[in-house]
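The numbering used here runs 177 ahead of the 1-based position in the sequence shown. Accompanying notes for the structure given below.
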Amino acid sequence: MANTHGGSGFLLRIFSALGVVAVLAVAAIGGFHMLGNPFTTKHVDRTAPPVLTKLTDLASFHAASGQFEVLVDLEDHVKWVPSFIAGERTFFVGVGSVDATIDFSKLTDQNISVSKDGKNVTVTLPAAKLEPAVIDPSQSHVASRNRGLVNRVTGAFEDNPTDETKLYETAQSKISAAAAATDLVSRAQNNTRATLTSMLESLGFEKVLIVFPGPPSAS
């Protein structure tokens, strides 16, 4: 039985495999004659083609994912000055997701123990971890923005008076914090345990034990 499975090295290979110009037309017929409106505006896309800068092998099992929405309320208040004169308050709806992953990249033979009779196998995995929140720009948007007179006037001379970077960063931070308060980590470990147990049992193992650091999570 042990030879059939190829031992822990064979299983290790299985875990690693889980890891993966617009052109303006001018015609002269019977003399020079412009076709259509000579001041017609056309959209020209001169974006350079994407350049591949890095290739990375993925070895993380995305075992659970949570979808979140947060209403960000940020205000720049000028002391002693009414808000309609100076200041800014923005409401931003941030929508994003957080994945819980298991890192398979550093697994070795020591993480996999097969019994002498080849019937039982124990796999020790690192604990699941939460990835940084990813904000979806297609669903996230500014719900409202109230700017004082001074802000509107000075903004006319700025390149980007309504920069949304801070809004996205705040939404990402709050969603990441919210994800940490959920059961995503334990859910990811349970999902990983169920997936690997089913796979290893299909290979002929009678007893499969998937171990994570710390106390076992509830099933």
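C-beta atoms are modelled at their ideal positions from N, C-alpha and C, and glycine is treated no differently. Quick caveat: nothing in here was measured; it's all calculated off a predicted structure.
The continuous stretches of beta strand (DSSP E) do not include K293, and DSSP gives it neither H nor E. Sequence-distant Cβ neighbours of T347 in its own chain, meaning closer than 6 Å and more than five residues away, are V249. Between the C-alpha atoms of K283 and S290 there is a straight-line separation of about 16 Å. Taking the CA atoms as reference points, I387 sits about 47 Å from D340. DSSP places T374 in the uninterrupted alpha helix (DSSP H) bounded by L361 to S379. For T267, no alpha helix (DSSP H) segment is defined; the enclosing uninterrupted segment is the beta strand (DSSP E) at E265 to D280.
Remark: three or more beta-carbon pairs, one from each stretch, lie closer than 8 Å, so the stretch 299 to 306 and the stretch 365 to 373 are flagged as touching. The continuous stretches of beta strand (DSSP E) do not include S353, which lies in the alpha helix (DSSP H) extending over residues T342 to A357.
In this structure, L344 lies away from F245, with their beta-carbon atoms at least 8 Å apart. The criterion of a C-beta distance shorter than 8 Å is not satisfied by A354 and A241. Of the residues F238, N367, E383 and P390, the one whose Cα lies closest to the Cα of E308 is F238.
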